[in-house]
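Notes for the one structure printed next.
Quick look at the structure:
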């Protein structure tokens, strides 16, 4: 099993829609989680960090389910500018500091 | 500088040629990472430095790949005898030490081996 798994999509949604995608992780010792956003041909940039059960920042909500070992990202009221690839990164101490990225989920918001 | 700087932005190499990719991390960032990203994939871990110490090089795909950070700041990723499968974007990231710290990425070097 891969350390991090994401549905690559693409998820095609209309503007204003609510969309959610999951990221499953294999290491139960993962303590922190990061969602990065990557625009086409650009570098990844941090969207949100999760250190407990979840986090909310405006239209974006991350929720952690430790029992089932997945973390979700919910985007409400989607904007055209939300179109990007969203990368999930769990972190655990045995990873010697390195970050292991998922494949990413591509979101396309249509007018 | 204000962010992570990588050079060159684009590199075309003939198969068999050696290349060197440079990364200037954010000043004061102890941790430095190299990733390889193929089209449609997430960044794949290559190697990790804490200051000048290379703590993890488990992701380097072969002994043709070599990375160094001799003075704990600038890092160079060297690929010897490039092959077509080395074509990818090579991303460098830096961060402060610790689990709660954000990794900042450079814009990457797009390597095309012809």
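Chains as they are written, first to last, in this note's numbering: chain A, 1 to 111; chain B, 1 to 114. Note that the Cβ used here is the ideal one computed from N, Cα and C, for glycine as well. On a predicted model such as this, the values are computed, not experimentally measured, just so you know.
Please check if any C-beta of chain B sits within less than 8 Å of the C-beta of residue i.
i, result
"residue 56 (chain A)", "no"
"residue 16 (chain A)", "no"
"residue 5 (chain A)", "no"
"residue 108 (chain A)", "no"
"residue 73 (chain A)", "no"
"residue 47 (chain A)", "no"
"residue 87 (chain A)", "yes"
Against residue i, what residues of chain B qualify as contacts under a CB-to-CB distance less than 8 Å, listed in chain order?
i, result
"residue 69 (chain A)", "Per Cβ cutoff of 8 Å: no residues; residue 69 (chain A) is ~18 Å from chain B at best."
"residue 102 (chain A)", "42"
So, does the CB of residue i fall closer than 8 Å to a CB anywhere in chain A?
i, result
"residue 48 (chain B)", "yes"
"residue 66 (chain B)", "no"
"residue 43 (chain B)", "yes"
"residue 17 (chain B)", "no"
Given that residue i touches chain A, what residues does it touch there, using C-beta distances under 7 Å?
i, result
"residue 103 (chain B)", "99"
"residue 77 (chain B)", "Near residue 77 (chain B) there are no residues of chain A at all, since even the closest Cβ is about 15 Å away, more than 7 Å."
Please confirm whether residue i and residue j have their CB atoms less than 8 Å apart.
i, j, result
"residue 106 (chain B)", "residue 91 (chain B)", "yes"
"residue 44 (chain A)", "residue 36 (chain A)", "yes"
"residue 109 (chain A)", "residue 80 (chain A)", "yes"
"residue 4 (chain A)", "residue 111 (chain A)", "no"
"residue 67 (chain B)", "residue 77 (chain B)", "yes"
"residue 21 (chain A)", "residue 71 (chain A)", "no"
"residue 132 (chain A)", "residue 59 (chain A)", "Chain A is shown only over 1 to 111; residue 132 (chain A) falls outside these bounds and no answer can be derived."
"residue 69 (chain B)", "residue 49 (chain B)", "yes"
"residue 17 (chain B)", "residue 82 (chain B)", "yes"
"residue 42 (chain B)", "residue 54 (chain A)", "no"
"residue 25 (chain B)", "residue 58 (chain B)", "no"
"residue 109 (chain B)", "residue 8 (chain B)", "yes"
"residue 99 (chain A)", "residue 103 (chain B)", "yes"
"residue 12 (chain B)", "residue 114 (chain B)", "yes"
Compute the beta-carbon to beta-carbon distance between residue i and residue j, rounded to the nearest angstrom, for a pair I have assumed lies under 8 Å.
i, j, result
"residue 92 (chain A)", "residue 30 (chain A)", "4 Å"
"residue 106 (chain A)", "residue 9 (chain A)", "4 Å"
"residue 32 (chain B)", "residue 75 (chain B)", "5 Å"
"residue 84 (chain A)", "residue 39 (chain A)", "5 Å"
Is the Cβ of residue i closer than 8 Å to any Cβ of chain C?
i, result
"residue 63 (chain A)", "This model lacks chain C altogether, as its protein chains are A and B."
What does residue i touch in chain A if you count any residue whose Cβ is under 8 Å from its own?
i, result
"residue 107 (chain B)", "42, 43"
"residue 111 (chain B)", "By Cβ distance, chain A contributes nothing, its closest Cβ being about 14 Å from residue 111 (chain B), past 8 Å."
Strictly by DSSP, which residues pair up with residue i?
i, result
"residue 37 (chain B)", "B:89"
"residue 24 (chain A)", "A:5, A:70"
"residue 10 (chain B)", "B:110"
"residue 86 (chain A)", "A:37, A:105"
"residue 81 (chain B)", "In DSSP, residue 81 (chain B) forms no bridge with anything."
"residue 55 (chain A)", "A:62"
"residue 56 (chain B)", "B:48"
"residue 79 (chain A)", "Answer by DSSP bridge pairing: none, since residue 79 (chain A) is not bridged."
Whose Cβ in chain A lies nearer than 9 Å to the Cβ of residue i?
i, result
"residue 91 (chain B)", "43, 44"
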